[in-house]
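Numbering (this note's numbering), first residue to last: 875 to 1455.
Below you can see the structure in the form of structure tokens.
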């Protein structure tokens, strides 16, 4: 989102551009999911509050400003919602000044007004946010079906707060692409245009006053953790992007007031719109983001971030060792290049922030979607600073690739898609033998090193790889039964090898110095059992999250079970996959 360089200042009255005699009082908040921005507007005929926000303190602060305005000159007071999501309105629910239509008239697009009047916890996102909502009285429904059926016909409405509205609906223009709109004149001079822009929600509208356009959450509607919420529609959203794009192209708008974050110059908004539309076009058939899915996403987030933390810690340690050895060899410049590949301080800061957020989330009984959103922010930042291709040449590529897949899978899931699962038919013994070989021998043999001494660059790269990798099984007595016949199974190869690697890392990390692997055919299934000796103390402290491993097993195309033999001091994991005849 562009930062914006608008002259409008938060928490101050100032002239509203393009609307003679009108003033605007923006209340701009740091972006969060708790409460929206609010915009107060006063004219000689009316006082308008666009989106009072989701917290009572914000609504009370705004009401103090409204009271001062009405002391100066008594005028009808209207509250207008860009859409009926709780972070845009719930702050007013228990404030008396907003409860009576003779004091404040609530104005909402027809679909949102109906949702508020019936106390719909799904459409308002109250259910997703773990909040309660009571039915609310809406004084005026914007863009109702009956008025839209009679376009161009002005209708006068007198309201309990003394307000007189003149309302005219104009249909969408197929030539200019402008969306349908409702023009509302308050009294005799003040007018606003409410453009119908569904997609983020069925009731979303954009409101133009003078040269300001208040867009609600339109620019956030394709974001992970927002796309797919109850009432979201990809088709409607793309159509709304086209309509608002046409409105911006027509001129007359200088500044965009978003529902969250700083004001945006219109020229920046037009560029942003093109990018967001491209993102939205990729969101066909995403899953609905309801409360149950938010719970699943939060669990997946915690499991994934635990493994991400472990992998990045290992990679940072390996890279530090490479840098140290190079420095000792007098290659300080190359050592500095290695240090720059992983910004350990930044990564530690990001992962610590998530850990602290998760701890506070569990202590305070937080909302699942907030934890999932936090993980999404951290993952996006890690992906931007993670130099996967360069790292894979220096430290164990299986570490690097697993970290990349974890980040990618979470992003995919959080955007509403099923994490990719490319099931193919493979020969299971060959897959396992190749993996075990890679985990048992150095990345570069002595012969490889000697054969590259005449090529300085090749030798340097092999040296870095030799220093930066350490075979997981080099100090482990590993046994595997010999299988001569091919054994075809249907699996996702990458996720399956990741799963086996995580299991063996778990066993080695909890003290196993002997590991055995057995393959058994039980038509129509094939089972792979990995067993290792572990001590009780180490097992309690180091055992991997079984929920994470089970989820990874599903993505690999199988299922997982884990057993512990206390008498023998053994722990075993069994992966079951489908054989192909």
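Ideal Cβ positions, reconstructed from N, Cα and C, are used throughout, including at glycine.
In its chain, beyond the 5 residues on either side, 1314 have a beta carbon closer than 7 Å to the beta carbon of residue 1348. Non-local C-beta neighbours of residue 1354 in its own chain, meaning closer than 6 Å and more than five positions away in sequence, comprise 1391, ordered along the chain. Counting only runs of 4+ residues, the alpha helix (DSSP H) found wholly inside the segment 1081-1156 occupies 1108-1123, 1140-1155, in chain order. Taking 8 Å as the cut-off, the beta carbon of residue 1221 is found closer than this to the beta carbon of residue 1256.
If you keep only unbroken beta strand (DSSP E) runs of at least 3 residues inside the segment 1001-1057, you get 1014-1016, 1029-1032, 1038-1044.
Just so you know, the alpha carbons of residue 1447 and residue 1436 end up roughly 4 Å apart. For residue 903, the secondary structure class from DSSP, reduced to helix, strand or coil, is coil. Residue 992: member of the alpha helix (DSSP H) spanning 984-992, first to last residue.
For residue 1378, the uninterrupted alpha helix (DSSP H) run begins and ends at 1367-1383, by DSSP. Residue 1431 and residue 1365 do touch by the CB rule: their CB atoms are close to 4 Å apart, below 8 Å. At a Cβ-Cβ threshold of 8 Å, residue 1081 and residue 1068 count as neighbours.
Per DSSP, the continuous alpha helix (DSSP H) segment holding residue 1237 begins and ends at 1218-1237. Residue environment for residue 1075: buried (at least 16 other C-beta atoms within 10 angstroms of its C-beta). With 16 or more other CB atoms across the displayed protein chains lying within 10 angstroms of its CB, residue 957 is buried.
Around the CB of residue 1015, 16 or more other CB atoms lie within 10 Å, so the residue is classed as buried. The segment 1156-1170 makes contact with the segment 1086-1103; the number of CB pairs closer than 8 Å reaches 3 or more. In the DSSP annotation of this structure, residue 1406 is not part of any alpha helix (DSSP H); the continuous beta strand (DSSP E) holding it starts and ends at 1399-1407. The straight-line gap separating the alpha-carbon atoms of residue 1130 and residue 1301 is approximately 58 Å. Here residue 1248 is buried: its Cβ has 16 or more other Cβ atoms, across all protein chains shown, within 10 Å.
Note that the C-beta distance between residue 1087 and residue 1078 is not below 8 Å. According to the DSSP assignment, residue 1279 belongs to the alpha helix (DSSP H) that extends over 1271-1288.
For residue 941, the enclosing alpha helix (DSSP H) stretches over residues 930-946.
Taking the Cα positions, residue 1275 is about 32 Å away from residue 1146.
When the beta-carbon positions are compared, residue 1201 and residue 1209 come within less than 8 Å of each other.
DSSP links residue 1438 through a beta bridge to 1445. When the beta-carbon positions are compared, residue 1148 and residue 1111 stay at least 8 Å from each other. Assigned with DSSP and collapsed to three states, residue 958 falls in coil, not helix or strand. For residue 1389, the enclosing beta strand (DSSP E) covers residues 1388-1396. Check the Cα spacing between residue 1230 and each of 1361, 1401, 1203, 1176: the tightest is with 1176. Within the same chain, Cβ atoms closer than 7 Å to the Cβ of residue 1420 are found at 1436, the five residues on either side in sequence being excluded.
For residue 1213, the uninterrupted alpha helix (DSSP H) segment begins and ends at 1206-1215.
In the three-state reduction of the DSSP assignment, residue 1201 falls in the helix class. In the three-state reduction of the DSSP assignment, residue 1170 falls in the helix class.
Annotation: the continuous alpha helix (DSSP H) that includes residue 1257 extends over 1242-1259.
According to DSSP, residue pairing for residue 1065 in a beta bridge involves 1059. In terms of CA proximity to residue 1070, 1115 leads the group 1144, 1237, 1115, 1291.
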